[in-house]
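Numbering (my numbering), first residue to last: 122 to 194.
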């Protein structure tokens, strides 16, 4: 049986707990972790198997507060 691979990108913008404009860098990290947790739960309910979670790289905390999820069915 062939496996279906997919990549999903989540960032702090996908969180329900988005930081306020003047909050610190820690708030971006918490929001990104919340978005990652929500997406992992959603993928698990749909039957996806997580292969890798890759943190994003960037020059600023806003750019690096994101993850790419590699999953397959």
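Using N, Cα and C, we set each Cβ at its ideal position, and we do this for glycine too.
Nearest-angstrom beta carbon gap, residue j and residue i [assumed within contact, 8 angstroms]
{"i": "residue 152", "j": "residue 138", "result": "6 angstroms"}
{"i": "residue 165", "j": "residue 131", "result": "Not confirmed; about 14 angstroms, so no contact."}
{"i": "residue 149", "j": "residue 183", "result": "6 angstroms"}
Residue burial classification, residue i (beta-carbon count within 10 angstroms, cutoff 16)
{"i": "residue 178", "result": "exposed"}
{"i": "residue 140", "result": "buried"}
{"i": "residue 160", "result": "buried"}
Proximity below 7 angstroms, CB of residue i to CB of residue j
{"i": "residue 128", "j": "residue 189", "result": "yes"}
{"i": "residue 193", "j": "residue 170", "result": "yes"}
Residue interval of the alpha helix (DSSP H) (run including residue i)
{"i": "residue 185", "result": "182-185"}
{"i": "residue 160", "result": "146-166"}
Element boundaries [beta strand (DSSP E), containing residue i]
{"i": "residue 171", "result": "170-176"}
{"i": "residue 136", "result": "No beta strand (DSSP E) holds residue 136; DSSP gives it neither H nor E."}
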